[in-house]
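Student:
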Amino acid sequence: APTLGILALQGAYEAHAKTLATLGIATRLIRTPDQLFTPDGHSSIDGLIIPGGESTTMLKFLERNGFLDSLTTLVRTIPTFGTCAGAILLANDVQNPAQISLAALDITIERNAYGRQLDSTILTAPTKLPGGPLEMVFIRAPRITGTGPQVEILATRDDFPVLVRQGHLLAATFHPELGHDPRVHQLFLDIVSSTSSKAILASAP
Ligand code: GLN
11 APTLGILALQ GAYEAHAKTL ATLGIATRLI RTPDQLFTPD GHSSIDGLII
61 PGGESTTMLK FLERNGFLDS LTTLVRTIPT FGTCAGAILL ANDVQNPAQI
111 SLAALDITIE RNAYGRQLDS TILTAPTKLP GGPLEMVFIR APRITGTGPQ
161 VEILATRDDF PVLVRQGHLL AATFHPELGH DPRVHQLFLD IVSSTSSKAI
211 LASAP
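Count along the sequence shown starting at 1, add 10, and that's the number in the UniProt record's numbering.
(1) With a 10 Å radius around its C-beta and 16 neighbouring C-beta atoms as the bar for buried, classify A212 as buried or exposed.
(2) Confirm the yes/no value for this check: CB of P107, any heavy atom of the ligand GLN, distance under 7 Å.
(3) When the Cα atoms are used, what is the spatial distance from S204 to R175?
(4) Taking three-plus beta-carbon pairs below 8 Å as touching, is the stretch 83-99 in contact with the stretch 65-75?
(5) Return helix, strand or coil for K208, following the three-state DSSP convention.
(6) What's the gap between the Cα of I117 and the Cα of I154?
(7) Would you list the residues sitting across from I201 in a DSSP beta bridge?
(8) Would you kindly work out how many angstroms separate the C-alpha atoms of L30 and A18, rounded to a whole number?
(9) Is R153 close to the ligand GLN? I mean its beta-carbon at under 7 Å from any heavy atom of the ligand.
(10) Within 7 Å: the Cβ of T87 and any heavy atom of the ligand GLN?
(11) Alpha carbon to alpha carbon, how far is G34 from A27? Give it in angstroms, no decimals.
(12) How many whole angstroms separate the CB atoms of I201 and P89, which I take to be in contact at a CB cut-off of 8 Å?
(13) Between T131, G189, R86 and A123, which lies nearest to L180 when the distance is taken from Cα to Cα?
(14) Locate the alpha helix (DSSP H) running through A48, then write down its first and last residues.
(15) Per DSSP, what kind of secondary structure is P215 in: helix, strand or coil?
(16) Taking a contact to mean a Cβ-Cβ separation below 8 Å, would you say L100 touches I60 in this structure?
(17) Does the Cβ-Cβ distance between H195 and A22 come in under 8 Å?
(18) Below 7 Å, is the gap between the Cβ of N122 and the nearest heavy atom of the ligand GLN?
Set out below in structure tokens:
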């Protein structure tokens with residue numbers, strides 16, 4: 011079984027651990043940069059989840075002890091799934107307001123894009139995942155306003171992407187860990203198992 015890490019500095023990390031537990035996957039809560047790599051510089055996890063929460067708060071923690079640099083290196087090659095604030099951290103370009111990021115996923119993302127009234131909502135929409143429409147929980151969600159050519163759009167809300175994939179990276183502007191449908195996590199597990207760890211080690215810096 012793969013070893014999955016969940017960034018657990020702040021936010022909705024426990025719900026991800028619970029969802030993965032229902033799929034039979036044990037997880038490791040990541041709170042320090044030394045948990046990411048073995049002493050000889052290899053990744054100690056096969057995949058990483060960056061949860062929802064408050065991206066600015068997460069960045070404050072990440073700016074200590076070289077955590078941001080370690081994470082930036084890791085997400086270049088290790089399958090990573092960002093939800094909501096996690097999607098913001100993965101994005102190449104963050105707006106409203108602009109903030110630094112891991113700059114791994116070729117999207118432009120606008121924070122808190124739905125305004126006060128409509129800031130949290132649950133809706134059911136079609137996706138490219140097998141198994142019919144998916145329930146999506148949005149909480150002070152960002153909006154993906156641009157995607158690069160490598161980015162595959164797997165679901166939209168009002169014509170804006172809400173679930174996207176770029177190779178080993180997956181991002182959702184909603185919270186799949188708060189619903190009862192494990193299909194998005196299953197997709198991430200499929201990405202993890204199709205990304206050979208040997209290939210990852212060979213391409214690690
Ligand atoms: N509004 C948060 C941010 O900008 C994201 C909200 C969430 O993760 N549910 O970081």
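We put the CB at the ideal spot given by N, CA and C, even for glycine.
Tutor: Let me lay it out:
(1) Any reading at A212 must be qualified, since the residue scores a pLDDT of 47, below 50, and its modelled position is unreliable; no value is offered.
(2) No, the beta carbon of P107 sits no closer than 7 Å to any heavy atom of the ligand GLN.
(3) Each residue's alpha carbon lies about 14 Å from the other.
(4) Cβ pair count under 8 Å is three or more, so yes.
(5) Confidence is the limiting factor: at K208 the pLDDT is only 45, short of 50, which leaves the residue's position unreliable, though a coordinate-based value still follows. Look at K208 here: in three-state DSSP terms it is helix.
(6) Note on geometry: alpha-carbon atoms of I117 and I154 lie some 7 Å from one another.
(7) As computed with DSSP, I201 is found in no beta bridge at all.
(8) Near 15 Å, if we compare the C-alpha coordinates of A18 and L30.
(9) No, since every heavy atom of the ligand GLN falls outside the 7 Å radius drawn around the Cβ of R153.
(10) Between the ligand GLN and T87, a heavy atom-to-CB distance of less than 7 Å is absent.
(11) Their Cα atoms are separated by approximately 10 Å.
(12) 5 Å between Cβ atoms; contact.
(13) Comparing Cα-Cα distances from L180 to each of T131, G189, R86 and A123, the minimum goes to R86.
(14) The residue asked about is misnamed: residue 48 is Thr in this sequence, not Ala. From DSSP, T48 is part of no alpha helix (DSSP H); its letter is neither H nor E.
(15) Note that P215 scores 49 on pLDDT, short of 50, meaning its location in the model is unreliable; the coordinates nonetheless yield the value given after this. Annotated three-state conformation of P215 is coil, per DSSP.
(16) Closer than 8 Å, so yes.
(17) Result no, Cβ atoms of H195 and A22 do not sit closer than 8 Å.
(18) Within the cutoff, so yes.
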